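Sequential numbering from 630 applies to the sequence shown in my numbering. Report on the structure given below.
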Amino acid sequence: MSENRRQHFRVEYPSESAPKLLSSGEPLKVLDLSEHGLRFQPKSTVTFKTGNNFAGSLTFQSGESFLVFGIIRRVNTDTISIELKKPIPLRIIMAEQRRLIQLFQKRA
Numbered sequence: 630m631s632e633n634r635r636q637h638f639r640v641e642y643p644s645e646s647a648p649k650l651l652s653s654g655e656p657l658k659v660l661d662l663s664e665h666g667l668r669f670q671p672k673s674t675v676t677f678k679t680g681n682n683f684a685g686s687l688t689f690q691s692g693e694s695f696l697v698f699g700i701i702r703r704v705n706t707d708t709i710s711i712e713l714k715k716p717i718p719l720r721i722i723m724a725e726q727r728r729l730i731q732l733f734q735k736r737a
């Protein structure tokens, strides 16, 4: 049995709480992210090819924005995985984790 081990903690997002990702003017639905990668759902996977460069703008609900650059590592039927060249700061990952925990504690 194979184990799915990740090197970095991933924040998984419900669609209404996800950061905004724009690439070439197209909004992309962020599914999860970590310091060194992100996974999103595009409207179409036709223009994305494994090994190609990726650039976009990632805006968190706090208002903080980052330009992200990376390499497309996986193109699945409906998701794209990117390995980032410059990591998202750990403080942002931790703040997002805390924000989601607080948000869903209020809903429970």
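Beta carbons: idealized from backbone N, C-alpha and C, even for Gly. Quantities reported herein were computed from a predicted structural model and do not represent experimental measurements.
Close beta carbons around residue i, own chain, < 6 Å, minus the five adjacent residues each side
i       : result
Lys-649 : Thr-688
Met-630 : Below a pLDDT of 50, predicted positions are generally treated as unreliable, and Met-630, at 37, falls in that range; the measurement from the model is reported next regardless. Hits under 6 Å: none found.
Arg-702 : Ser-710, Glu-712
Where residue i falls, given that 16 or more other Cβ within 10 Å makes a residue buried
i       : result
Phe-683 : buried
Ser-686 : exposed
Ile-717 : buried
Gly-666 : buried
Leu-662 : buried
Glu-632 : Since pLDDT at Glu-632 reaches only 46, below the 50 mark, its modelled position is unreliable, and the value read off the structure follows with that caveat. Under this definition Glu-632 is an exposed residue.
Phe-669 : buried
Where the beta strand (DSSP E) through residue i begins and ends
i       : result
Phe-683 : 682-688
Ser-694 : 694-704
Ile-717 : No beta strand (DSSP E) holds Ile-717; DSSP gives it neither H nor E.
Pro-656 : 655-663
Spatial distance of residue i from residue j (CA atoms)
i       : j       : result
Leu-696 : Lys-715 : 9 Å
Arg-728 : Ile-721 : 10 Å
Val-659 : Ala-647 : 6 Å
Arg-634 : Gln-726 : Any answer about Arg-634 is weak, because its pLDDT of 49 lies below 50 and its placement is not dependable; what the coordinates show is given next. If you take the alpha carbons of Arg-634 and Gln-726, they lie about 19 Å apart.
Glu-624 : Gly-692 : Since the displayed the chain opens at 630 and closes at 737, residue 624 lies outside it and no answer follows.
Cutoff 8 Å; reference residue i; Cβ partners in own chain excluding five residues on either side
i       : result
Ile-700 : Gly-680, Asn-681, Asn-682, Phe-683, Ile-711, Glu-712, Lys-714
Ser-694 : Ser-686, Leu-687, Thr-688
CB contact below 8 Å: residue i versus chain D
i       : result
Glu-645 : Considering every chain present, this structure includes no chain D. It has just one protein chain.
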